[in-house]
Amino acid sequence: EAGVVQSPRYKIIEKKQPVAFWCNPISGHNTLYWYLQNLGQGPELLIRYENEEAVDDSQLPKDRFSAERLKGVDSTLKIQPAELGDSAVYLCASSLLPPGQGGYEQYFGPGTRLTVT
Amino acid sequence: QKEVEQDPGPLSVPEGAIVSLNCTYSNSAFQYFMWYRQYSRKGPELLMYTYSSGNKEDGRFTAQVDKSSKYISLFIRDSQPSDSATYLCATSGGYQKVTFGTGTKLQVIP
């Protein structure tokens with residue numbers, strides 16, 4: 001069974017440029033998460049989807065970040081415009097069930113390492 | 001105060017040693033406790049998952065939760081160089097999001 005797929009693995013952009021990250025979750029996993037991980041820190045939730053609905057986006061900086069999950073499968077996270085402080089690893093994860101129904105086993109992708117210069 | 005506190009290490013041990021990794025948490029509503037392992041430039045992978053207090057064992061790994069002191073531990077017996085990674089504790093209170101610790105970097109020296 002294929003794991004969570006993310007692309008690109010690495011991205012270097014100049015500040016003020018836009019950038020997009022793509023995630024394909026494990027087949028059948030209805031819950032999808034986007035996390036941000038800074039160096040030496042644990043993952044921090046940006047947004048959680050149940051199918052195509054964003055059910056927790058309280059930590060998503062909506063002035064520059066946006067996300068979508070069309071058809072409840074693949075998801076895209078976008079930053080526009082990027083700032084120096086956005087340099088981090090962006091992780092996508094999926095789970096079979098949502099947290100409230102026992103879905104604490106999250107499966108992570110390898111992440112996209114973003115460098116903003 | 002962070003909801004989950006974890007010593008960042010690094011922790012360096014000789015091969016074969018017993019490793020103890022620990023976290024404390026502040027929210028008494030947390031009932032679900034996880035340990036993830038993260039190798040360099042990889043995503044975290046789930047190692048252990050426990051509910052409420054008690055112990056859970058899986059091979060060389062034992063997870064322990066003490067809700068009275070809000071303390072969670074991961075023990076690794078007969079540690080191997082392949083165990084060298086960052087270990088993240090994580091907790092949740094049910095419908096809440098999962099909150100991760102900062103991770104402890106472990107190095108097992110052959």
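One line per chain: the protein sequences are A and B, in this order. Its first residue numbered 1, the first sequence is counted upward by one per residue in the working numbering. Its first residue numbered 1, the second sequence is counted upward by one per residue in the working numbering. Using N, Cα and C, we set each Cβ at its ideal position, and we do this for glycine too.
Under DSSP, the beta-bridge partners assigned to Lys105(B) are Thr86(B). In the structure shown, Asp86(A) falls within a helical segment according to DSSP collapsed to helix, strand and coil. Interface residue (Cβ-Cβ distance to chain B less than 9 Å): Arg69(A) is not classified as such. Shown here, Lys56(B) sits in a strand according to DSSP, grouped into three states. Exclusion of the five residues before and after Tyr71(B) leaves Thr24 as the residues of its chain whose Cβ lies within less than 6 Å of its Cβ. For a Cβ distance threshold of 7 Å, nothing in chain B lies close to Phe21(A): the least Cβ distance comes to about 13 Å. Just measuring C-alpha positions, the residue of Ile18(B), Glu3(B), Pro8(B) sitting nearest Ile76(B) is Ile18(B).
Restricting attention to Arg41(B), Gly16(B), Glu45(B), the CA atom closest to the CA of Phe100(B) is found in Glu45(B). Arg60(B) and Asp78(B) have their C-alpha atoms some 7 Å from each other. The stretch 53-67 of chain B and the stretch 25-37 of chain A do not touch, with fewer than 3 CB-CB distances between them shorter than 8 Å.
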